[in-house]
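Residue numbers (UniProt numbering), protein chains in the order written: chain A, 1 to 249; chain B, 1 to 249.
This report refers to the structure that appears directly beneath it.
Number of protein chains: 2
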Amino acid sequence: MGLMQTTGTRYSKPILVAVNKPFDDEDGLQALRSHPLFRNIRSRDLEDLIHQSRRLRLGHHQLLYRQDMPAHHFFFVISGRLRLYRLDSSGIDRTLDSIAPGDCFAEVMIYADPPRYACYAEALKSSEVLMIPVKAYRDLLDRNPEYAQAALEHYARRAVNRFHDLEIMTVQNARDRLIRYLIDLLPNGAEEGGEVELPLPKCLVASRLAMQPETFSRILADLKANGLLRVNRSKLFISDPQRLIQISQ
Amino acid sequence: MGLMQTTGTRYSKPILVAVNKPFDDEDGLQALRSHPLFRNIRSRDLEDLIHQSRRLRLGHHQLLYRQDMPAHHFFFVISGRLRLYRLDSSGIDRTLDSIAPGDCFAEVMIYADPPRYACYAEALKSSEVLMIPVKAYRDLLDRNPEYAQAALEHYARRAVNRFHDLEIMTVQNARDRLIRYLIDLLPNGAEEGGEVELPLPKCLVASRLAMQPETFSRILADLKANGLLRVNRSKLFISDPQRLIQISQ
DNA sequence: ACAAATCTTTGAGTTAGGTCAATTACTCCG
DNA sequence: CGGAGTAATTGACCTAACTCAAAGATTTGT
């Protein structure tokens, strides 16, 4: 089944056609069962939902859906990584989020009327997603209102996270935005140092943080030169987050 | 009952102490009944919820709650206007949202554990809010799972709106961010022109859009000089939104 | 393993927007 | 109505970040 087709070779220019197949084995199911949105659903109901879903393999840079397309499905990432982005009228591609295995996305549209995707979604590398029919999930909730609470919690958390993302973007200078972004990536926040893996290629982190790739690169070089950071490909080591916070003022 | 107390005279420096009184008349109730979060709730249940709530009068610049405070209530705006903001470690105040009469806010925390406010909330002018106990609302949902769907819709919409706000902030230049912000304020978006009232004083719109008040003022002056905008206090008249969009590229 | 493509870094020059300062215009009070 | 306190505007200056360009590194596909 072809879901989407376009030409091109770079970010924002998706390539291929999706091919799905039944999701009838257990791969990736464990992660799904432990997701906040599903962990309270009885096995029988969950299996039923899964059987109405399809597993989709996505190639590198492959588009999953387009902004404004009717949203008949939402997704759970089994493996790989995706990004959400929007295209403005001048064709500039602005990255808004990245999605890791174990995450759900596009689920915010479930009750919208008409349900439409709010952005583009594409695979950053070859990935596998579970494609859950919105209707099947809605029916499940209608038949079992007690499941709605988990969904409510999930949506509320999502809204708070978006609010937090928005806050970072009101920081006026590029270096401080980047520092805040990095600290949020640390497993324990500013509490303690650690290694951080950028969830996106550097040029897309730059886009996410409303700066040019050159600016991103220079800021990172500067932090490195000042001993605040060690960089290894897309892995950054932050030994003292507090020092980072101090200089960001 | 004192809810909060601080000293100072400007934005981010709240002043007074809240005094509440029972919400036992019908003022503002119509708007509440038609809010998406409440309109499906049976009269009896809604009245019960309202009787467990308190009406709160807030003075100009009065603080309603603080970031990180335990969130025992969420709020519905009866009259006036509020803003949500965060304070960073260096004391800089960053405005994230404004709330108009008929809106609900802080409701995103309902199922958080522990529930805490994600930001500060203060009145921009003298205002009246309904202060709804989180526990009462949760109990209502627990007893009547069929009410959860409206809540789900509301939260989903909220998450999508925050996502959209985030998108605007990834626009890299100040003028285009402002243009996008103004077009979103238009009743019919870019479809047709109209008058727009800024929901915040100009210096706070600037803060919301990650720019200095001086920059905001200069951009507005420039748009005005180019005949793209007419300015009257906090009211802006945009005759041709399409032209605005064209120049923002 | 190689070639092609894309991503990243660095340099040099330019500009948008921040900073500081001073004036003017509002708004809220008494 | 008048005065105090903010908010908004404008000018001059400066710096952070953008643009353009080119070299280097990494990744992907054959």
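Think of the CB as a built atom: it goes at the ideal place given N, C-alpha and C, for glycine as much as any other residue.
Quick caveat: nothing in here was measured; it's all calculated off a predicted structure.
Asked                                                                                                                                                                                                 : Found
To the nearest angstrom, report how far apart Y147 (chain A) and Q246 (chain A) are at their CA atoms.                                                                                                : 44 Å
Using the C-alpha atoms, what's the distance from L29 (chain A) back to Y111 (chain B)?                                                                                                               : 26 Å
Using DSSP with H/G/I as helix, E/B as strand and the rest coil, what is residue 251 (chain A)?                                                                                                       : What the structure shows of chain A is the stretch from 1 to 249, and residue 251 (chain A) is not part of that stretch, so it cannot be assessed.
Within the 9 Å Cβ cut-off, does V134 (chain A) reach chain B?                                                                                                                                         : no
Does DSSP put H73 (chain A) in a helix, in a strand, or in coil?                                                                                                                                      : strand
What are the residues of the stretch 152 to 174 of chain B that lie near chain A, defined by any Cβ-Cβ distance shorter than 8 Å?                                                                     : L152, E153, Y155, A156, R157, R158, A159, V160, R162, F163, H164, D165, L166, E167, M169, T170, V171, Q172
Under 8 Å Cβ-Cβ, which residues of chain B neighbour V108 (chain A)?                                                                                                                                  : A156, A159, V160, F163
If I follow the unbroken beta strand (DSSP E) through K235 (chain B), where does it start and stop?                                                                                                   : 235 to 238
Quick check: the stretch 109 to 128 of chain A against the stretch 52 to 63 of chain A, are at least 3 beta-carbon pairs closer than 8 Å?                                                             : yes
Roughly how many angstroms lie between the CA atoms of R175 (chain A) and E214 (chain A), to the nearest whole one?                                                                                   : 12 Å
In angstroms, rounded to a whole number, what distance separates the CA positions of F74 (chain B) and L82 (chain A)?                                                                                 : 35 Å
Do you know whose CA, among A:R143, A:E167, A:N144, lies nearest Q67 (chain B)'s CA?                                                                                                                  : A:E167
Could you work out which residue in A:A210, A:L124, A:L244 is closest to M169 (chain A) when comparing CA atoms only?                                                                                 : A:A210
Measuring alpha carbon to alpha carbon, tell me which residue in A:N40, A:A31, A:L236, A:D48 is nearest D139 (chain A).                                                                               : A:D48
Based on Cα-Cα distance, which residue from A:E192, A:G193, A:Q212 lies nearest to P201 (chain A)?                                                                                                    : A:Q212
Tell me the DSSP bridge mates of R143 (chain A)?                                                                                                                                                      : R143 (chain A) is not bridged to any residue.
Note down, in chain order, every chain B residue with its Cβ under 8 Å from the Cβ of S207 (chain A).                                                                                                 : T170
Would L236 (chain A) pass as a contact of L182 (chain A) if the rule is Cβ separation under 9 Å?                                                                                                      : yes
Below 7 Å on C-beta distance, what does E146 (chain A) contact in chain B?                                                                                                                            : P145
Chain B partners of A121 (chain A), CB-CB under 9 Å?                                                                                                                                                  : Residues of chain B passing the Cβ test: none, with the nearest at roughly 13 Å.
Is it right to say G91 (chain B) is buried, meaning 16 or more other beta carbons lie within 10 angstroms of its own, or is it exposed?                                                               : exposed
Tell me which residues share the same chain as S98 (chain A) and place their Cβ nearer than 6 Å to its Cβ, disregarding the 5 neighbours each side in the sequence.                                   : R83, P199, L200
So, with DSSP's three-state summary, where would you put D222 (chain A)?                                                                                                                              : helix
In whole angstroms, what separates the C-alpha of K135 (chain B) from that of H72 (chain B)?                                                                                                          : 7 Å
Quick one: what does DSSP say A215 (chain A) is sitting in, helix, strand or coil?                                                                                                                    : A quick correction: the sequence has Thr, not Ala, at residue 215 (chain A). Correct three-state label for T215 (chain A): helix.
Provide the residue span of the beta strand (DSSP E) that contains E128 (chain B), from first to last.                                                                                                : 127 to 133
Please go through the same chain and pick out, in chain order, the residues whose beta-carbon is closer than 7 Å to the beta-carbon of E153 (chain B), but skip the five residues on each side of it. : P36
Going by beta carbon distance, what residues of the same chain come within less than 7 Å of D240 (chain B), once the five residues before and after it are set aside?                                 : G193
Using Cβ-Cβ distances below 7 Å, what residues of the stretch 89 to 100 of chain B are close to chain A?                                                                                              : S89, S90, R94, L96
Under DSSP, the beta strand (DSSP E) around Y111 (chain A) begins and ends at which residues?                                                                                                         : Per DSSP, Y111 (chain A) belongs to no beta strand (DSSP E) and is neither H nor E.
With the cut-off set at 9 Å, would you say L223 (chain B) and L204 (chain B) are in Cβ contact?                                                                                                       : no
Would the beta-carbon of R94 (chain A) fall within 9 Å of that of V171 (chain B)?                                                                                                                     : yes
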